[in-house]
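Below is one structure, written out as structure tokens; the observations come after it.
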Amino acid sequence: MLDYIYAVLHSPTYRETYKEFLKIDFPRVPYPEDAEKFWKLVKLGGELRSIHLLESPLVEDFITSYPIDGDNVITRKITRTSPGYEPKQEILKQVTIDEENKTSNQNVSARSEVTKQSVTAETGKVWINDTQYFENVPKTAWEFYIGGYQPAQKWLKDRKGRKLSFEDILHYQKIIVALTETHRLMQEIDKIEIIHED
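Every letter in the sequence shown is one number past the one before it in UniProt numbering, and letter 73, counting from 1, is 73.
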């Protein structure tokens, strides 16, 4: 039930339909229409929960890099006028997935699709100081909101003036994967018709 509810609460259509109720009260969770939809949502909700807890193996498959050595101190102030994010001018080429090499494992197949989407999405550099940055950060991850916060930005803002450890650098890259995966899974959840007439 937890994974079902978790999936429903991450549906963009559900959030738009019930946005006024979500601001003031406990959200209404629709009763599942049929068993097939229920189990699809349970699966997607479980994946999403695992990613948010950074327990999914997917978060270890970094889509970003941290290519420049330096002191690793966050000095870049992230504001509206100085966002810290520098988009690439061109969109990268789409990766073609070889149909013969697809496995029956749905997680691997889903990850292949994410790789395809991430490579075609607008990416950029997230600067932490004047010389160091995280490369290939998808714009969707950088701008993604959870509640009133943008986690990819807030995490850096909360550490301004601090030196990032090796573990911090890895952790931030996991956050970027988690946000990118969250965006993808929310689109998958929205393909399943959750809201129906009572």
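Ideal Cβ positions, reconstructed from N, Cα and C, are used throughout, including at glycine.
query                                                                                     : result
Residue from Met1, Glu20 and Val29 whose Cα sits closest to the Cα of Ile194              : Val29
Buried or exposed by the 16-neighbour rule on C-beta atoms within 10 Å, applied to Arg76  : buried
Whole beta strand (DSSP E) elements within the stretch 130–196, 3-residue minimum         : 133–138
Gly45, enclosing beta strand (DSSP E) - first and last residue                            : Element bounds for Gly45: not the beta strand (DSSP E) but the alpha helix (DSSP H), Ala35 to His52.
Three-state class that DSSP yields for Glu60 in the structure shown                       : helix
Tyr14 - DSSP class collapsed to helix/strand/coil                                         : helix
Nearest to Ile68 (by Cα), restricted to the options Ile169, Leu58 and Glu181              : Ile169
Cβ-Cβ distance between Arg49 and Tyr14 below 8 Å                                          : no
Best match in Lys157, Ile78, Ala141 and Met1 for proximity to Leu185 [C-alpha to C-alpha] : Ala141
Extent of the continuous alpha helix (DSSP H) to which Tyr19 belongs                      : Reading the sequence as shown, one finds Lys at residue 19 and not Tyr. Counting along the chain, the alpha helix (DSSP H) containing Lys19 begins and ends at Lys19 to Ile24.
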